Amino acid sequence: METRELRYFVAVAEELHFGRAAQRLGIAQPPLSRAIAGLERRLGAALLERGSRGVTLTGAGAVLLREARAALDAVEAAERRTRRAALAGTGRPAVVLAAKAGASSELLAKLLDAYAAEPGAVTVDVLLCGPGEQAPVLRDGRADVALLHRPFDDTAGFETEELHTEGQVAILPAGHPLGTRTELRLGEITGLPDLPLPRWPRPDGTFPDGPGPQVRDHTQLTQLIALGRACAIVPETGRAGLAEGLTAVPVVDAPRVTTVIAWPPHSRSTAVAGLIRAATAL
């Protein structure tokens, strides 16, 4: 299969309409239809069910959509990493580590110090991301390695090593009645009318429905909590460096969070390998 065919198929599978897919791709509809039909003939499988109102995916089509997205992400990542390697050839080589802004700060600092002390260590450029952004930037080649957090981040398709598992705490305004408690339960937090949980953006940039404020970064969240407009449930390490006016209370029935270091399975970078060794040694 050619990457062009995969891009054509993904467009049709996502739009579920040949006309809209052709417009999105900037081509005429007839060659698009011929390309998909040719792909189906070569694979010996129907990928789409055509109807008067559009198209639907067959079981085989759903499999190809998932695999095609992964393949196209890998191609894009290869392009990005190759360009970065070429630029590194003109100066000092570097490895890009993606991490969630405001999370795992102590672990990240220890990791950078431990790796810097290793013989042959290269520069580590830290790419601070919003919630859920680390996995996409690792997949598309903007990062070489990432710190991810299960069960929140998608680690499918990556090699991983577990680094740390911890409970979660509720971050509240210091003067809130629940802030004096020694422990809380999820039900006590999720139903607070005066302190709703924030709404983080989805991968497509839209926000889920709900009463909570729309939040895009850690700084914005802490300001809203201090103002008494929201609360949050975060890993225990969120206690570190807690801003004035905030308090943290353990949430005993919240799912435990495991921090992992993740990298693409095809990576052959000695710098990435060294960073992973330093992380697991911690």
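Numbering of the sequence shown is given in this note's numbering, commencing with residue 1087 and proceeding in unit increments.
Where is the CB? At the ideal position from N, CA and C, for every residue including glycine.
Quantities reported herein were computed from a predicted structural model and do not represent experimental measurements.
- Of the residues assessed, ASP1339 falls on the exposed side of the cut-off, its CB having fewer than 16 other CB atoms within 10 angstroms.
- Secondary structure within the stretch 1265–1336: the alpha helix (DSSP H) runs of 4 or more consecutive residues, fully enclosed, are 1272–1276, 1304–1312 (chain order).
- Burial of ALA1099 is indicated by the presence of at least 16 other C-beta atoms within 10 angstroms of its C-beta.
- Annotation for ASP1240: no beta strand (DSSP E) segment contains it, and DSSP assigns it neither H nor E.
- Of all C-beta pairs linking the stretch 1219–1229 to the stretch 1156–1171, three or more are shorter than 8 angstroms, placing the two stretches in contact.
- Within a 10 Å sphere around the beta-carbon of VAL1149 sit fewer than 16 other beta-carbons, which makes this residue exposed.
- Within the same chain, and ignoring the five residues on either side of ARG1325 in sequence, the residues whose Cβ sits closer than 8 angstroms to its Cβ are VAL1255, ALA1334.
- A straight line joining the alpha-carbon of PHE1244 with that of ARG1152 spans about 15 angstroms.
- Setting aside the 5 residues that flank it on each side, TYR1201 is surrounded in the same chain by ALA1207, LEU1361, ALA1364, each with a C-beta closer than 6 angstroms to its C-beta; the list follows chain order.
- Following the DSSP letters along the chain, one finds ILE1347 inside the beta strand (DSSP E) bounded by residues 1343–1349.
- Burial state of ALA1318 is buried, judged by a 10 Å Cβ sphere holding 16 or more other Cβ atoms.
- No residue range can be given for THR1144, since it is assigned to no beta strand (DSSP E) and is classified by DSSP as neither H nor E.
- Under the Cβ criterion (8 angstroms, minimum of three pairs), the stretch 1279–1289 counts as touching the stretch 1297–1315.
- Remark: C-beta atoms of ALA1146 and ALA1156 do not approach each other more closely than 8 angstroms.
- Between the alpha carbons of PRO1116 and GLU1322 lies a gap of roughly 56 angstroms.
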